[in-house]
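Participant:
There are 2 protein chains.
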Amino acid sequence: MKRRQFFKAAGALGAGGVAATALSAPAISQGKIQWRMQATWRENSPLLWTGAKMVSEMVEKASGGKLSIKLYGAGEIAPPLQLMDAVADGGLEMGHGYPAYWAGKLPAVQFFTPLPFGLTTQEQNAWFRFGGGQEIADKIYGEMGVKFLPSGNTSVQSAGWFNKEINSIDDYKGMKIRSGGLGAKVLREIGATPVQMPLGEVPQGLQTNAIDGADFVGPFNDMAFGLHKVAKFCYWPGWMEPCGVLDCFINKQAWDDLPDDLKTIVQLANETANSVVLSEFVAKNAQAYQTLQTEHGVEMKFLDEATLKTLGEVAGKVIAEAGEADELSKEVYTSQMTFRKQVMPYTNTSELAFMKARGLDFPYGL
Amino acid sequence: MKRRQFFKAAGALGAGGVAATALSAPAISQGKIQWRMQATWRENSPLLWTGAKMVSEMVEKASGGKLSIKLYGAGEIAPPLQLMDAVADGGLEMGHGYPAYWAGKLPAVQFFTPLPFGLTTQEQNAWFRFGGGQEIADKIYGEMGVKFLPSGNTSVQSAGWFNKEINSIDDYKGMKIRSGGLGAKVLREIGATPVQMPLGEVPQGLQTNAIDGADFVGPFNDMAFGLHKVAKFCYWPGWMEPCGVLDCFINKQAWDDLPDDLKTIVQLANETANSVVLSEFVAKNAQAYQTLQTEHGVEMKFLDEATLKTLGEVAGKVIAEAGEADELSKEVYTSQMTFRKQVMPYTNTSELAFMKARGLDFPYGL
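One line per chain: the protein sequences are P and B, in this order.
For the first sequence, our numbering gives the first residue as 3, with consecutive numbering after it.
For the second sequence, our numbering gives the first residue as 3, with consecutive numbering after it.
Below, the structure is given as structure tokens:
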């Protein structure tokens, strides 16, 4: 994820984007409210489109048409990189994207993107709901003029595709690796060169050795782009992206003016999208993970403990530094780190210990 | 979980339960539909009540009162053990409980309860939505005359509280352990004596050595019952219960007659309850896990690999046998084991490998 869909979408856009301010106020016809939502992804982008589409369809159904949300693909109304401004200005009512895209506007937003060695999806959800995360997100997104709702998530992503082996932290040195966000900052610290590159150019980049490796998403999306044909190794675990929440953001005024019943429907639809996208991610990646190995002979490789330990230490520094950017960053950093410190021992004892036990060698099932 | 809330609730009920068939058909007043939902838990039972309450409140809000669902605690309308019959017969429209409670009616239902060494919550959700689980659940619950919706879940539970150490599989021999469901069958196979005991009697049972150990829920609920005062050790990981979906079940006719918009609202409310309960479980258990150690000096212990491996092997046999009970059991067993076989390698590579990496010793955060 990160900036890649952006470049692609932006590239496809050209100069035809409609200026946000030229757009009309929310349409109301015969007591029915008509909203428009644009995604930062193209129509039918695998996994990414699911959440936005579900929100649109479920709201229409649940409200009996009292609120309809017409869905647009990347660039159809506003250039994707300007989508937040377009929504905040009331050019359209809703946007669907990825928090990392707005980090340039407000650095604190990057704490809603996956943090290297940070919270898992299950923990992030718990933080949003019971650890103060939603309140802080509302504050931060409020600064940008919108209401925030989590609207999709991934499970742990992969550590990327490489044409060179990584047997120690030193092997990263000098490698050109497509990446973005806080993960890219960690890579720079250990001597690699992070490269920004549109999604669609990555296969060729790997094939021509313009890059030595690429952080992508997970088996399902990666396979669709044919990365297994141009890279030798797929590395795990995805230390850079243990989760990846998608954001639905709503013009503040439009949200405030929405009647309570429709507000609840919009919330329930996003809650549903949030967990259904995760389920789709898990199910499709599980399948693709198998296919990559059985049909395409991909070699799955694991970073060793010493390498991971160094990456973890560097990540800790990079994130602490990001937490110093401003007051909002400090607040969200403190909140998330406090939650992580408390939840991790429990997760290690419950989820992690269970998964380790289940992975022992014994006959079971089919 | 398992049968324990049952006994407690049943004990509190007395003979005052209203016969289901004596109840009236769904009430409709001024175009507004009024349903009734009973839970198998008492009002405000920690974590368990959250899902039922959310469904009731969210449906009311989202429908603008077009559908209201009045919520009753265990035994207020029907005895909890008879709740499925009461809902199927139309005595009330909705029930909220735990699949294990209906295993006596239809053995296949136990495949919606946590399977020892089975799917995690994240995987179970993916199975329901993208692995055919919802369809099979609708078929199985359809046999009982109701529509099924997942309506809450736990993360991995604990392996229970014990007053004797477990250093090998042999230490289980002769132990009297409060437990239920498929986990109890595994314990019997390895020479322990599973004991059925109401939730409220467990603390005294441990104190008087009537039992040597007890499978309970997790730190938050366990601490509320004071188990840390009467048992020496809390064991992990919870091999018996890696998840624990709660079920919302709806009278088939009432569901079929519900207008489409309200159907969607009921579904969205349950989807939301399903993930919010999980988040609450994670957040509150993380906190209680810490408190148990820092304030109450509880010793957390882990079963060793050899013990877990034997438990896993025995669990595999017990579950395979359960899958032979009848055609429906065979179908759901096959579906879930097929999904488990595909998803486990992916989970091990993504979630498990990440959590292991994150658990390495490096400075990070606060």
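C-beta atoms are modelled at their ideal positions from N, C-alpha and C, and glycine is treated no differently.
Taking the runs of the beta strand (DSSP E) that are 3 residues or longer, which of them lie wholly in the stretch 295-364 of chain B?
Facilitator: 301-304, all fully within the stretch 295-364 of chain B.
Participant: Taking all protein chains shown into account, do 16 or more other C-beta atoms lie within 10 angstroms of the C-beta of residue 331 of chain P, making it buried, or fewer, making it exposed?
Facilitator: The residue you call residue 331 of chain P lines up with position 329 of the first sequence. So residue 331 of chain P counts as buried.
Participant: Rounded to whole angstroms, what is the Cα-Cα separation between residue 227 of chain P and residue 49 of chain B?
Facilitator: Reading the first sequence from its first residue, position 225 is the one you call residue 227 of chain P. Reading the second sequence from its first residue, position 47 is the one you call residue 49 of chain B. Taking the straight line from one Cα to the other gives about 43 Å.
Participant: If I measure Cβ to Cβ from residue 52 of chain B and keep anything under 8 Å in the same chain, skipping five residues before and after, which residues do I get?
Facilitator: Position 50 of the second sequence holds residue 52 of chain B. Within the same chain, residue 52 of chain B has close Cβ partners 154, 275, 278, 279 and 282.
Participant: Decide yes or no for the touch test of the stretch 102-115 of chain P against the stretch 208-222 of chain P: beta carbon pairs closer than 8 Å, at least 3 of them.
Facilitator: Counting Cβ pairs under 8 Å, fewer than three are found: no touch.
Participant: Taking only runs that begin and end inside the stretch 138-206 of chain B, name each unbroken alpha helix (DSSP H) of 4 or more residues, in chain order.
Facilitator: Correct list: 183-191.
Participant: Nearest chain P C-beta to residue 365 of chain B closer than 7 Å, yes or no?
Facilitator: Here residue 365 of chain B refers to the residue found at position 363 of the second sequence. Cβ-Cβ to chain P under 7 Å: yes for residue 365 of chain B.
Participant: If we call anything under 7 Å between Cβ atoms a contact, is residue 69 of chain B one with residue 58 of chain B?
Facilitator: In the second sequence, the residue the question calls residue 69 of chain B occupies position 67. In the second sequence, the residue the question calls residue 58 of chain B occupies position 56. Cβ distance not < 7 Å, so residue 69 of chain B and residue 58 of chain B don't count as in contact.
Participant: Report back the beta-carbon spacing between residue 364 of chain B and residue 34 of chain P to the nearest angstrom; my notes put them in contact at under 8 Å.
Facilitator: Against the second sequence, residue 364 of chain B aligns to sequence position 362. Against the first sequence, residue 34 of chain P aligns to sequence position 32. Residue 364 of chain B to residue 34 of chain P, Cβ: 55 Å. No contact.
Participant: Can you grab the Cα-Cα spacing for the pair residue 329 of chain B / residue 367 of chain P, in whole Å?
Facilitator: Residue 329 of chain B sits at position 327 when you count from the first residue of the second sequence. Residue 367 of chain P sits at position 365 when you count from the first residue of the first sequence. About 17 Å.
Participant: For residue 284 of chain P, collect the residues of the same chain with a Cβ closer than 7 Å to its Cβ; drop the 5 residues on either side in sequence, then sort them by chain order.
Facilitator: Taking the first residue of the first sequence as position 1, residue 284 of chain P is located at position 282. Around residue 284 of chain P: 157.
Participant: Unbroken alpha helix (DSSP H) runs of length 4 or more, entirely within the stretch 219-304 of chain P: which are they?
Facilitator: Complete alpha helix (DSSP H) runs here, min 4: 221-226, 229-232, 254-259 and 262-296.
Participant: Is it buried or exposed, residue 187 of chain P, if we count other Cβ atoms within 10 angstroms and call 16 or more buried?
Facilitator: Here residue 187 of chain P refers to the residue found at position 185 when the first sequence is read from its first residue. Counting Cβ neighbours within 10 Å, residue 187 of chain P comes out buried, since at least 16 surround it.
Participant: Quick check on DSSP: helix, strand or coil for residue 104 of chain P?
Facilitator: Counted from its first residue, the first sequence places residue 104 of chain P at position 102. Correct three-state label for residue 104 of chain P: helix.
Participant: Rounding to the nearest angstrom, what Cα-Cα distance links residue 338 of chain B and residue 323 of chain P in this structure?
Facilitator: Working through the second sequence from its first residue, we reach residue 338 of chain B at position 336. Working through the first sequence from its first residue, we reach residue 323 of chain P at position 321. Going by the C-alpha atoms only, they are around 45 Å apart.
Participant: Under 7 Å, do residue 321 of chain P and residue 61 of chain P count as touching if we go by C-beta distance?
Facilitator: Against the first sequence, residue 321 of chain P aligns to sequence position 319. Against the first sequence, residue 61 of chain P aligns to sequence position 59. No. Outside cutoff.
Participant: Report yes or no: is there a C-beta of chain B within less than 7 Å of the C-beta of residue 109 of chain P?
Facilitator: Looking up residue 109 of chain P in the first sequence gives position 107. No - not a single Cβ of chain B is within 7 Å of the one on residue 109 of chain P.
Participant: Taking residue 124 of chain P as part of the alpha helix (DSSP H), name the residues at either end of that continuous run.
Facilitator: Within the first sequence, the letter at position 122 stands for residue 124 of chain P. Residues 123-132.
Participant: Could you check whether residue 250 of chain B and residue 123 of chain B sit closer than 7 Å to each other, using their CB atoms as the reference points?
Facilitator: In the second sequence, residue 123 of chain B corresponds to position 121, counting from 1. In the second sequence, residue 250 of chain B corresponds to position 248, counting from 1. Contact flag unset, no.
Participant: Using only CA atoms, which one of B:143, B:129 and B:66 lies nearest to residue 97 of chain B?
Facilitator: For the purposes of this step, residue 97 of chain B is taken as the residue at position 95 of the second sequence. Per the Cα distances, B:143.
Participant: Verify the CB distance criterion: does residue 74 of chain B have a CB-CB separation below 7 Å to chain P?
Facilitator: Here residue 74 of chain B refers to the residue found at position 72 of the second sequence. No - not a single Cβ of chain P is within 7 Å of the one on residue 74 of chain B.
Participant: Name the chain B residues that come within less than 8 Å of residue 347 of chain P, Cβ to Cβ?
Facilitator: Residue mapping note: residue 347 of chain P aligns to position 345 of the first sequence, counting from 1. Near residue 347 of chain P (Cβ distances below 8 Å), the residues of chain B are 288, 291 and 292.
Participant: Considering Cα atoms alone, identify which of B:190, B:79, B:104 and B:126 is closest to residue 145 of chain B.
Facilitator: Here residue 145 of chain B refers to the residue found at position 143 of the second sequence. Minimum Cα distance to residue 145 of chain B is reached at B:104.
Participant: For residue 222 of chain B, tell me which candidate among B:287, B:148 and B:318 has the shortest Cα-Cα distance.
Facilitator: Taking the first residue of the second sequence as 1, we reach residue 222 of chain B at position 220. Per the Cα distances, B:287.
Participant: Just tell me which of B:210, B:238, B:101 and B:31 has its CA closest to the CA of residue 302 of chain B.
Facilitator: Within the second sequence, the letter at position 300 stands for residue 302 of chain B. That would be B:238, whose Cα lies nearest to the Cα of residue 302 of chain B.
Participant: Quick check on residue 267 of chain P - is its C-beta less than 7 Å from some C-beta in chain A?
Facilitator: Looking at the structure shown, chain A is missing, and the protein chains on hand are P and B.
Participant: Got a sec: is the Cβ-Cβ distance from residue 223 of chain P to anything in chain B below 7 Å?
Facilitator: As a first step, residue 223 of chain P must be located in the first sequence, where it is residue number 221. Not an interface residue.
Participant: Which value, in whole angstroms, describes the spacing of the CA atoms of residue 269 of chain P and residue 89 of chain P?
Facilitator: Taking the first residue of the first sequence as 1, we reach residue 269 of chain P at position 267. Taking the first residue of the first sequence as 1, we reach residue 89 of chain P at position 87. Cα-Cα distance, rounded: 18 Å.
Participant: Looking only at its chain, what residues have a beta carbon closer than 6 Å to the beta carbon of residue 116 of chain B, apart from the 5 residues adjacent to it on each side?
Facilitator: Here the question's residue 116 of chain B lines up with position 114 in the second sequence. Cβ neighbours of residue 116 of chain B beyond the five flanking positions: 243, 244, 245 and 246.
Participant: On the three-state DSSP scale, how would you describe residue 36 of chain B?
Facilitator: Residue numbering aside, residue 36 of chain B sits at position 34 when the second sequence is read from its first letter. The answer is strand: DSSP assigns residue 36 of chain B an E or B state.
Participant: Using 7 Å as the limit for Cβ to Cβ distance, is residue 163 of chain B near chain P?
Facilitator: Within the second sequence, residue 163 of chain B is the residue found at index 161, counting from 1. No, its Cβ sits nowhere closer than 7 Å to a Cβ of chain P.
Participant: Let me know if residue 272 of chain B comes out buried or exposed under the rule of 16 or more other beta-carbons within 10 Å of its beta-carbon.
Facilitator: As a working mapping, residue 272 of chain B is identified with position 270 in the second sequence. Buried, because 16 or more other Cβ atoms sit within 10 Å of the Cβ of residue 272 of chain B.
Participant: Do residue 132 of chain P and residue 152 of chain P have their beta-carbon atoms positioned less than 7 Å apart in this structure?
Facilitator: Indexing the first sequence from 1 puts residue 152 of chain P at position 150. Indexing the first sequence from 1 puts residue 132 of chain P at position 130. Result no, Cβ atoms of residue 152 of chain P and residue 132 of chain P do not sit closer than 7 Å.
Participant: Going by DSSP in three states, residue 23 of chain B sits in which element: helix, strand or coil?
Facilitator: The count along the second sequence starts at 1 and reaches residue 23 of chain B at position 21. Low local confidence applies: a pLDDT of 40 at residue 23 of chain B is under 50, so the model's placement there is unreliable, with the coordinate-based value given in what follows. The answer is helix: DSSP assigns residue 23 of chain B an H, G or I state.
Participant: Are the C-beta atoms of residue 263 of chain P and some chain B residue less than 7 Å apart?
Facilitator: The sequence position of residue 263 of chain P within the first sequence is 261, counting from 1. Taking Cβ atoms only, chain B reaches closer than 7 Å to residue 263 of chain P, which makes this a yes.
Participant: Leaving aside the five residues before and after residue 191 of chain P along the sequence, list all residues of the same chain whose C-beta is less than 8 Å from its C-beta, in chain order.
Facilitator: Taking the first residue of the first sequence as 1, we reach residue 191 of chain P at position 189. Same-chain partners within the cutoff: 316, 319 and 320.
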